[in-house]
Every structure is written in C-alpha cells, then in structure tokens.
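One structure is given here, and the rest of the page talks about it.
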Amino acid sequence: MSKKQATLELGTKPVGALLMQYALPAIVAMVASSLYNMVDSIFIGQGVGALAISGLAITFPFMNLSAAFGAAIGVGSSTLLSVKLGQRDYGIANKILGNCISLNILVGIIFGGVCLVFLDPLLRFFGASDQTLPYAREYMFIILLGNAITHLYFGLNAVLRSAGKPQMAMYITIFTVVINAILDPLFIYTFKLGIAGAAYATVLSQMLALCWQMRFFSKKDELLHFERDKMHIEGKLVRNIIGIGISPFAMNACACLVVIFINNSLLQYGGDLAVGAYGIANRVAFVFVMVTLGVCQGMQPIAGYNYGAENYNRMLEVLKLTAFTATVVCAVGFFIAMFLPRQCAMLFTTDETLIAHSVVAMRYMMALFLVIGGQMVIPNFFQSIGKAKISILLSLSRQLIFLVPFIFIFPRYWGLDGVWLAMPASDAVAAVMTYAMLWIYIRNLKQKKI
Numbered sequence: 034m035s036k037k038q039a040t041l042e043l044g045t046k047p048v049g050a051l052l053m054q055y056a057l058p059a060i061v062a063m064v065a066s067s068l069y070n071m072v073d074s075i076f077i078g079q080g081v082g083a084l085a086i087s088g089l090a091i092t093f094p095f096m097n098l099s100a101a102f103g104a105a106i107g108v109g110s111s112t113l114l115s116v117k118l119g120q121r122d123y124g125i126a127n128k129i130l131g132n133c134i135s136l137n138i139l140v141g142i143i144f145g146g147v148c149l150v151f152l153d154p155l156l157r158f159f160g161a162s163d164q165t166l167p168y169a170r171e172y173m174f175i176i177l178l179g180n181a182i183t184h185l186y187f188g189l190n191a192v193l194r195s196a197g198k199p200q201m202a203m204y205i206t207i208f209t210v211v212i213n214a215i216l217d218p219l220f221i222y223t224f225k226l227g228i229a230g231a232a233y234a235t236v237l238s239q240m241l242a243l244c245w246q247m248r249f250f251s252k253k254d255e256l257l258h259f260e261r262d263k264m265h266i267e268g269k270l271v272r273n274i275i276g277i278g279i280s281p282f283a284m285n286a287c288a289c290l291v292v293i294f295i296n297n298s299l300l301q302y303g304g305d306l307a308v309g310a311y312g313i314a315n316r317v318a319f320v321f322v323m324v325t326l327g328v329c330q331g332m333q334p335i336a337g338y339n340y341g342a343e344n345y346n347r348m349l350e351v352l353k354l355t356a357f358t359a360t361v362v363c364a365v366g367f368f369i370a371m372f373l374p375r376q377c378a379m380l381f382t383t384d385e386t387l388i389a390h391s392v393v394a395m396r397y398m399m400a401l402f403l404v405i406g407g408q409m410v411i412p413n414f415f416q417s418i419g420k421a422k423i424s425i426l427l428s429l430s431r432q433l434i435f436l437v438p439f440i441f442i443f444p445r446y447w448g449l450d451g452v453w454l455a456m457p458a459s460d461a462v463a464a465v466m467t468y469a470m471l472w473i474y475i476r477n478l479k480q481k482k483i
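Sequential numbering of the sequence shown, starting at 34, is according to this note's numbering.
Here it is, written out as structure tokens:
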C-alpha cells in the first residue's frame, strides 16, 4: 500500500476497525506516557521521601503551562495536518510539519528561559512552602533547561499520529518510558542525585526519542518529510495552527491555574502532605485520563479527515464509538478509586499520614468518573474538526468556569473536604453543559448537511 493510499483509508475503511487501528497504538502510547510520570513519582516518593512527593506536586502548574504552549503548536499542527491530508493538499502538509518544528523550538526556548529567571517566585506562587521549595526548584531547573526538547518531542509525536503513523508514535513513547525507567533508579540511587536524578532521566530519555523522530522525518520517501525551504515560519499558517491549537492551550493553561488554586487551598487547609496526596491521586487518575485521551487521539485523524472530505455520517459514527469506549475506561478508574485507593497510594509512599490523605483524595477526585469519559471526548471531537470556539468553551467549563469558584467557596464551609468536593461537583455541572452542546451541534448538522 502506498503512503497516499494509507492516508485515504481514513475515508473508506470501516470505522470500528479504523478506530482500533489508530486508537490502540495511541492508547498504548498514552498509558506509557502516564506510566512515565508515575515512575518518576514512585522513585521520588520511595527513594527521596514524602516531602519530595509534595515538591513534585508543586511542579504540576509548570508542566501544565508548558503543555499548554506545546499543545497549541503540536495539536494545532496535527489537526490541521489531518484536514489537509483529507483534502490531499500534500504541499501544505509539509509546510505544516516545518512550521511545527520551528515553532516548537522557538517557544520551548523562550518559555524555558523566562521560567528559569523567575523560578523561585513562580514556585512560591504555585504553592511551595519552605519545606517543599528546595525539592521543586531542584527538579524544575533541569526540566526547564530541556524544555525545547520536550516541546519538539511531543509535537512530532502528534504529527506522526496524524500522518498515519500511530504505531511509530507508540513505539517512540514506549522507548522513552523504558529508558526513563532504567535511568531513574540509576540516577536517584546509584549516583545519589535525588530528585534531580529523576529530572535528568526525563530530559535524557526525551532527547534520545527526539533523535529517532528526526531520523524518520529526514527520509525523503515519506509522504511527510523535512524540506529546508518549508521550515521558515509563515504568518498565515501559524495563525491557522494557533487558531485550532488555542483550545488545548486554553485547557492546559486553565489546568495550570486550577492546580495553583488547589495547591494553595490544600496547603492552607491540610498542609504539605495534603498537597502530596493530590499529587498521588492525580497520578492515579492520570492513567485513566491518558487512556481516554489515547482513544481521542485515535479518533481525531479519522474525524478530521472525514470532516474535510464531508463524510459526516462516518464522522459521527467514530464520535459515538469513541465516547462509549471512553466511558468504559473511566468506569474502571472509578471502581479502582472506590475499592483499592490504599493499595494505589502505597505504591508511592510508606508514610501513613500521606497514604490516608491520598485515599480521601482519590475517592473525591474520581467520584464522577462514570460520567466524564464522554465529556472528555466531546471537546476533542470539536477540536479535531476545527470548531475551536466550542472546544475552548467546553474545555474552560469544568476547569475555570465551575471548578475555580467551587474551590473558593466549598472550603469555607467544609475545610479540606471542601477542596476535594469541588472537583466532582464541577465535573457534574460541566458534563450537563458538554452533552447539551453536542446535542445542539448534531441537530444543526443533520438539518443542514445530512
């Protein structure tokens, strides 16, 4: 099968088989990515201590903010790429690849540099105490030095998936996880680098994976490949990329803001170990969120291609199948959080106080997982067909419009429990809004197009 035929199957192959073909590698890659973060947390918690886990949790806003800029470019590029491949505009597709690389390098360097200059004040703002600041600073200093590498690594993996190479993206992610899992204990225990060792392992593993990606895109016989004259940044193309990528940017930027509010509220009402418990619960929930996002990534090139080709029935078919799969995944997470939270917490720490906090955190944070699988799919669907405004609104609804006010209000009445309660409460309200928006869109689409 030729490279173009492989891309054209997005519009002809049965949707169920096609989603499995694209989603399974993405799911494996996303699970590997979540394990990547979990491995760091486990080695840090067991090898450095409970306060180090809390220090790592303080760095989450940095990670979310970095991911926001990376997603604006990577997701925007890959989504636009899917549409252009559906329209068989291969020249523009290669320009998108070139602009994706140039933008990721530029933004990665600027973001990393600015954050390094203001590192300590930012960590204080994010919720660091005198006890957790040294751990957070030591970890983030190294991560920020390698920020451009991280941006480019994630951006090119998104392009690989949209270019019909989901298996390659999966293999690269697994490779990164394996290398990180090998280097973590080596740097933390053997070289006695502490939390800095985990940061070194992260950056080095991503650098090796980036070398693999760059080698692949250097092959001239690939449908998408590096072309020197298409690497310069084009204003119109960048506007289109950012216009689509603004939705995941807003989602991640809001996640950064929300984590700041959560960390500071937890520090106020529960102390450093409550912040650490949030870090542990977040890692556990992240596994199921990442599986769901893997299913969404499998959906995106299919939905984007068929939207571009005006095959709306196929587009809606893949949406329904993706929402059902995501709901099943999140249901598994719900039952684990309800019945096995202590066992999950013990993977990260032996500190009984931290374990007790983590059990409560997991049960609150994942209480509404039975209903939010589809809620996570729908904004990704709108993003994949270029409906950035709707996607942004839905992304903002849970994280900003509802969750932030709840975090301010609930603890005044219920203390630490109020901080935890704000999360499922915002899930419930946002789910109603999300499903209502989808119903309106489908009704209008059927009236006008189908």
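Beta carbons: idealized from backbone N, C-alpha and C, even for Gly.
If you're wondering where the values come from, they're calculated on a predicted model, not measured in any experiment.
Rounded separation between residue i and residue j - CA only
| i | j | result |
| --- | --- | --- |
| Gln79 | Val392 | 18 angstroms |
| Met34 | Asp217 | Annotation note: pLDDT 47 at Met34 (below 50); position unreliable, coordinate value reported separately. Roughly 41 angstroms between the two C-alpha positions. |
| Leu155 | Ile405 | 31 angstroms |
| Leu408 | Gln246 | One point to set straight first is that residue 408 is Gln, not Leu, in the sequence displayed. Approximately 32 angstroms, taken between the alpha carbons. |
| Gln416 | Asp384 | 42 angstroms |
| Ile75 | Ala104 | 26 angstroms |
| Arg431 | Leu403 | 16 angstroms |
| Tyr340 | Gly44 | 10 angstroms |
| Leu118 | Val108 | 15 angstroms |
| Val365 | Thr235 | 29 angstroms |
| Thr183 | Met173 | 13 angstroms |
| Ile142 | Ala101 | 15 angstroms |
| Met371 | Leu454 | 15 angstroms |
| Gly337 | Gly227 | 44 angstroms |
| Val140 | Gly309 | 30 angstroms |
| Phe212 | Tyr468 | As written in the sequence, residue 212 is Ile, which differs from the Phe given in the question. Each residue's Cα considered, the two are about 40 angstroms apart. |
| Cys289 | Leu98 | 6 angstroms |
| Ala202 | Gly448 | 44 angstroms |
| Ile349 | Leu177 | Inspection of the sequence shows that residue 349 is occupied by Leu rather than by Ile. Straight-line Cα distance between these residues: approximately 40 angstroms. |
| Lys420 | Leu256 | 27 angstroms |
Residue environment, residue i, which counts as buried when at least 16 other CB atoms sit within 10 Å
| i | result |
| --- | --- |
| Arg170 | buried |
| Tyr186 | buried |
| Ser110 | buried |
| Tyr55 | buried |
| Tyr168 | buried |
| Tyr446 | exposed |
| Pro199 | buried |
| Val465 | exposed |
| Asp73 | buried |
| Cys244 | exposed |
| Thr223 | exposed |
| Ile134 | buried |
| Asn16 | As shown, the chain starts at 34 and ends at 483. That puts residue 16 outside it, with no answer to give. |
Residue i: first and last residue of the uninterrupted alpha helix (DSSP H) it sits in
| i | result |
| --- | --- |
| Ile388 | 385-398 |
| Asn477 | 436-481 |
| Asn137 | 123-150 |
| Phe259 | Note, Phe259: premise wrong, no alpha helix (DSSP H); not H, not E. |
| Tyr338 | 305-341 |
| Ala288 | 268-302 |
| Ile405 | 402-417 |
| Arg431 | Careful: Arg431 lies outside any alpha helix (DSSP H) and carries neither H nor E. |
| Asn346 | 345-372 |
| Ser238 | 228-250 |
Please specify which runs of the alpha helix (DSSP H), each continuous and at least 4 residues long, are wholly inside the stretch 35-99, giving them in chain order.
36-41, 48-80, 83-91
Between the stretch 317-332 and the stretch 459-477, are three or more C-beta pairs nearer than 8 angstroms?
no
With three or more beta-carbon pairs closer than 8 angstroms as the criterion, would you say the stretch 62-77 touches the stretch 203-220?
yes
Whole alpha helix (DSSP H) runs in the stretch 157-222 with 4 or more residues, listed along the chain?
166-178, 180-195, 199-218
Counting pairs of beta carbons, one from the stretch 204-214 and one from the stretch 124-138, are three or more of them closer than 8 angstroms?
no
Check whether the stretch 92-101 touches the stretch 282-295, taking contact to mean three or more Cβ pairs, one atom from each stretch, closer than 8 angstroms.
yes
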